[in-house]
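Asker: My questions all concern the structure below.
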Amino acid sequence: MKFKGTKLSKRTVALLAAAVVMLGSGGVMGAKAAPNITADSPYDATLRLNSLAVDITEQVAGGKEVTVSDGAFTLTNDKALSVGKRYDDVISVKNSGAADEYVRVLVRRYWTDAEGKRLDLSPDYIELMEMTGWTKAKGSNEEYSIYYLTSPLKKGATKALFKGFRVNEAVKTEGKKIMIGDKEYDSDEAAAEAAGEGDVITYTYTYNGCKFNVEAEAQSVQTHNSAEAIRSLWGVDAKAVGITLVD
Amino acid sequence: MKAVKKRTILLVVAIALVLSMTVGLTMAYFSDSTAAEGGIPVTLGGQTTIIEQQNDDNKVIQIKNTGETDVLVRVAVYGPTAISYTGEGWTDGGDGYYYYDSILPAGKTSSKLTAKWDIPEDLGDDYSVVVVQESDQVVYNASGRIVKPEADPAWALVPKK
């Protein structure tokens, strides 16, 4: 074979042919997987790459909805947390992109000490009030949960996941110790009876000074070719986790 | 020599084409993610102190919340004779204690409670009056109601809200 007066070996020709074949098949595969290709006419195809974006928002009681993506939740404006009190704090996901999308949120709740070290205390005492429209993955446990939005989140739309939270009142009694000096008592009455002049009854609580933490990671994926996209990116079968597919 | 150079160029172009397709395939699905986190420390237990003004036949009592949490408060006074109480915002629990009608927020001081007694003539000045005050952190249940302090199930009165 001649190429502008240069001879090409059979090996070079074979390599070029292979490259062209791979390029061709890759192009077909890419077109199948590419999410946002629209053909206006058989002769005028438009490639439109819609940006997909998801944000996390928060609306503290009495406040405005604000975006907290890659930031921190406020949770409440109260100076101190009241045990057992329900706080209205709406945590939502927002479709801030240019196309509809499926969304899931990975939530972690746990306790830390004053230095930020994780503690083996009950995440169940951090109660998050869930909204409807979500399914909770079966593999979720008391610390880690995955919530799937059952239908696509429209462009520009916001969907609340939690409407509030509270710390269960059990933190006030679990692990409570009643002490006079080094001696521990079973009840307040027993301590009061034993207390002599100048004795001080001291109460200690396991959860006192501990910080409860909530982490949320929102993930979104395209609605085109969604079953494959969800399986590929999230590793789950969309229908099995309760997602209603629209394409 | 020229043929070898061109062949090398063609090989490089072919490899580049294949690699470019590989990159394209890994970006086939559109996705996005973001995260946020937050938390609040929990403070348990309450701290209060008595502020009192001693007069001849009465004491004017106030309770100050010196802790970081909201508390419930009750007061009892023991003297040489029966004690009569007056004070706006205080209610007789019928158990010897007067209960503050409201939650006492952190850093705040209650309204005044006056405890009055008759001075027995035979005792002169030789008597004592003792003020007992108890407080406990405000805790809510799932229904949003304030629960009675677990330290004393006989705690007679709690504010509704």
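These protein sequence lines are chains A and B, in that order. Per numbering that gives the first Met the number 0, the very first residue in the first sequence carries number 0; after that it's consecutive. Per numbering that gives the first Met the number 0, the very first residue in the second sequence carries number 0; after that it's consecutive. For each residue, glycine too, the CB sits at the ideal point set by N, CA and C. Predicted model, so just to flag it, every value in this text is computed and none were measured.
1. Tell me, please, whether the stretch 208 to 218 of chain A touches the stretch 35 to 45 of chain B by the rule of three or more beta-carbon pairs shorter than 8 Å.
2. Check whether the Cβ of residue 146 of chain B lies closer than 9 Å to any Cβ atom in chain A.
3. Could you give the residue range of the beta strand (DSSP E) that holds residue 159 of chain A?
4. I'd like to know whether the C-beta of residue 35 of chain B is nearer than 9 Å to at least one C-beta of chain A.
5. For the 8 Å Cβ check, are there 3 or more pairs between the stretch 227 to 239 of chain A and the stretch 108 to 128 of chain A?
6. Is it the case that the Cβ atoms of residue 67 of chain B and residue 114 of chain B are separated by a distance below 9 Å?
7. So, is the C-beta of residue 47 of chain B closer than 9 Å to a C-beta in chain A?
8. Contact defined as beta carbons within less than 8 Å: I believe residue 167 of chain A pairs with residue 142 of chain A. What is the distance between those atoms, to the nearest angstrom?
9. With a 10 Å radius around its C-beta and 16 neighbouring C-beta atoms as the bar for buried, classify residue 245 of chain A as buried or exposed.
10. Am I right that residue 147 of chain B and residue 137 of chain B are in contact with their C-beta atoms under 8 Å? What's the rounded C-beta distance?
11. Looking only at C-alpha atoms, which of A/64, A/136 and A/193 sits nearest to residue 105 of chain A?
12. Do we get a CB-CB distance below 9 Å when we pair residue 157 of chain B with the residues of chain A?
13. For residue 218 of chain A, return the contacting residues in chain D, with the cut-off set at a CB-CB distance below 8 Å.
14. Have a look at residue 132 of chain A and residue 135 of chain B and give me their C-alpha separation to the nearest angstrom.
15. Across which residues does DSSP place residue 84 of chain B in a beta bridge pair?
16. In chain order, what residues of the same chain have a beta carbon less than 6 Å from the beta carbon of residue 98 of chain B, not counting five sequence neighbours either side?
17. Closer than 8 Å between beta carbons: that is the criterion. Which residues of the stretch 69 to 82 of chain A meet it against chain B?
18. Since residue 160 of chain A and residue 130 of chain A should fall inside the 8 Å C-beta cutoff, what is the C-beta to C-beta distance between them, to a whole number of angstroms?
19. Does any C-beta atom of chain B lie closer than 9 Å to the C-beta of residue 54 of chain A?
20. If you drop the 5 nearest sequence neighbours on each side, which residues of the same chain put their C-beta closer than 7 Å to that of residue 80 of chain B?
21. Return the residue from the list B/85, B/75, B/70 and B/127 that minimises the CA-CA distance to residue 82 of chain A.
22. Tell me the DSSP secondary structure of residue 169 of chain A in three-state form.
23. Tell me which residue opens and which closes the alpha helix (DSSP H) that residue 233 of chain A is part of.
24. How would you label residue 166 of chain B, buried or exposed, when you count the other beta carbons within 10 angstroms and need 16 or more for buried?
25. Between residue 155 of chain A and the rest of its own chain, which residues show a CB-CB distance below 7 Å, the 5 nearest in sequence each way excluded?
26. Please list, in chain order, the chain B residues whose beta carbon lies closer than 7 Å to that of residue 84 of chain A.
27. Tell me the DSSP secondary structure of residue 84 of chain A in three-state form.
28. For a contact defined as C-beta to C-beta under 9 Å, what are the partners of residue 208 of chain A on chain B?
29. Can you check which of these residues, A/53, A/189 and A/58, is closest to residue 90 of chain A by C-alpha distance?
30. Identify which residue in A/107, A/134 and A/138 has its Cα closest to the Cα of residue 124 of chain A.
31. For residue 10 of chain B, collect the residues of the same chain with a Cβ closer than 6 Å to its Cβ; drop the 5 residues on either side in sequence, then sort them by chain order.
32. Label residue 103 of chain A either buried or exposed according to how many other C-beta atoms from any shown protein chain fall within 10 Å of its C-beta, with 16 as the threshold for buried.
33. Give me the DSSP bridge partner(s) of residue 104 of chain A.
34. Closest Cβ-Cβ distance between residue 211 of chain A and chain B: below 9 Å?
35. Work out the CA separation of residue 236 of chain A and residue 26 of chain B for me, nearest whole Å.
36. Considering residue 51 of chain B, what are the terminal residues of the alpha helix (DSSP H) in which it resides?
Answerer: The relevant details are as follows:
1. Result yes; three or more Cβ-Cβ pairs closer than 8 Å.
2. As a first step, residue 146 of chain B is located in the second sequence; it is residue number 147 there, counting from the start. Answer yes: the Cβ-Cβ gap between residue 146 of chain B and chain A drops below 9 Å somewhere.
3. For the purposes of this step, residue 159 of chain A is taken as residue 160 along the first sequence, with counting starting at 1. Element bounds for residue 159 of chain A: 157 to 166.
4. Taking the second sequence and counting its residues from 1, the one referred to as residue 35 of chain B is at position 36. Interface residue, yes.
5. By the Cβ rule, the stretch 227 to 239 of chain A does not count as touching the stretch 108 to 128 of chain A, because fewer than three pairs are nearer than 8 Å.
6. The count along the second sequence starts at 1 and reaches residue 67 of chain B at position 68. The count along the second sequence starts at 1 and reaches residue 114 of chain B at position 115. Here residue 67 of chain B is not near residue 114 of chain B, since their CB atoms are 9 Å or more apart.
7. Sequence index remark: in the second sequence, residue 47 of chain B carries index 48 (1-based). Not flagged as an interface residue toward chain A: residue 47 of chain B, since no C-beta distance is shorter than 9 Å.
8. Here residue 167 of chain A refers to the residue found at position 168 when the first sequence is read from its first residue. Here residue 142 of chain A refers to the residue found at position 143 when the first sequence is read from its first residue. In this structure residue 167 of chain A does not touch residue 142 of chain A by the C-beta definition: roughly 15 Å separates them, more than the 8 Å allowed.
9. The residue you call residue 245 of chain A lines up with position 246 of the first sequence. Classification for residue 245 of chain A: exposed.
10. Walking along the second sequence from the start, residue 147 of chain B turns up at place 148. Walking along the second sequence from the start, residue 137 of chain B turns up at place 138. At roughly 11 Å, the Cβ-Cβ gap does not stay under 8 Å, so residue 147 of chain B and residue 137 of chain B are not in contact.
11. Along the first sequence, read from residue 1 onward, the residue named residue 105 of chain A stands at position 106. Among A/64, A/136 and A/193, the Cα nearest to that of residue 105 of chain A belongs to A/136.
12. Here residue 157 of chain B corresponds to residue number 158 of the second sequence, with the count starting at 1. So, not an interface residue.
13. The structure shown contains no chain D; its protein chains are A and B.
14. For the purposes of this step, residue 132 of chain A is taken as the residue at position 133 of the first sequence. For the purposes of this step, residue 135 of chain B is taken as the residue at position 136 of the second sequence. Distance from the CA of residue 132 of chain A to the CA of residue 135 of chain B, rounded to the nearest whole angstrom, comes to 40 Å.
15. Your numbering for residue 84 of chain B matches position 85 in the second sequence. Its beta-bridge partners are B/114.
16. Here residue 98 of chain B corresponds to residue number 99 of the second sequence, with the count starting at 1. Closer than 6 Å at Cβ, skipping near neighbours: 73, 90, 92 and 156.
17. The residues in question are 69, 70, 71, 72, 73, 74, 75, 78, 79, 80, 81 and 82.
18. In the first sequence, counting from the first residue as 1, residue 160 of chain A sits at position 161. In the first sequence, counting from the first residue as 1, residue 130 of chain A sits at position 131. Rounded, the Cβ-Cβ distance is 6 Å, consistent with contact.
19. To locate residue 54 of chain A, count along the first sequence from 1; it is residue 55. By this cut-off, residue 54 of chain A is an interface position.
20. Here residue 80 of chain B refers to the residue found at position 81 of the second sequence. Hits under 7 Å: 116, 117 and 119.
21. As a working mapping, residue 82 of chain A is identified with position 83 in the first sequence. With distances taken between CA atoms, residue 82 of chain A lies nearest to B/70 out of B/85, B/75, B/70 and B/127.
22. In the first sequence, the residue the question calls residue 169 of chain A occupies position 170. Correct three-state label for residue 169 of chain A: helix.
23. Taking the first residue of the first sequence as 1, we reach residue 233 of chain A at position 234. Here the alpha helix (DSSP H) through residue 233 of chain A covers 225 to 233.
24. Because chain B is modelled from 0 through 160, residue 166 of chain B falls outside the range shown and cannot be assessed.
25. Working through the first sequence from its first residue, we reach residue 155 of chain A at position 156. Setting aside the 5 residues that flank it on each side, residue 155 of chain A is surrounded in the same chain by 94, each with a C-beta closer than 7 Å to its C-beta; the list follows chain order.
26. Locating residue 84 of chain A in the first sequence gives position 85, where the first residue counts as 1. What residue 84 of chain A touches in chain B: 139.
27. On the first sequence, residue 84 of chain A is found 85 positions in, with the first residue counted as 1. Coil, per DSSP.
28. Taking the first sequence and counting its residues from 1, the one referred to as residue 208 of chain A is at position 209. Correct list: 40, 41, 42 and 43.
29. The residue labelled residue 90 of chain A in the question sits at position 91 within the first sequence. For residue 90 of chain A, the nearest C-alpha among the options comes from A/58.
30. Taking the first sequence and counting its residues from 1, the one referred to as residue 124 of chain A is at position 125. Nearest C-alpha to residue 124 of chain A: A/107.
31. Sequence index remark: in the second sequence, residue 10 of chain B carries index 11 (1-based). Within the same chain, no residue comes within 6 Å of residue 10 of chain B by CB-CB distance, once the 5 residues on both sides are set aside.
32. Indexing the first sequence from 1 puts residue 103 of chain A at position 104. Here residue 103 of chain A is buried: its Cβ has 16 or more other Cβ atoms, across all protein chains shown, within 10 Å.
33. Taking the first residue of the first sequence as position 1, residue 104 of chain A is located at position 105. Answer is A/146 and A/217.
34. Position 212 of the first sequence holds residue 211 of chain A. Yes, residue 211 of chain A counts as interfacial toward chain B.
35. On the second sequence, position 27 is the one that residue 26 of chain B refers to. On the first sequence, position 237 is the one that residue 236 of chain A refers to. Only weak support exists for where residue 26 of chain B lies, its pLDDT of 49 falling under 50; the coordinates are left without a value.
36. Here the question's residue 51 of chain B lines up with position 52 in the second sequence. It is not in any alpha helix (DSSP H) - residue 51 of chain B instead sits in the beta strand (DSSP E) that spans 47 to 53.
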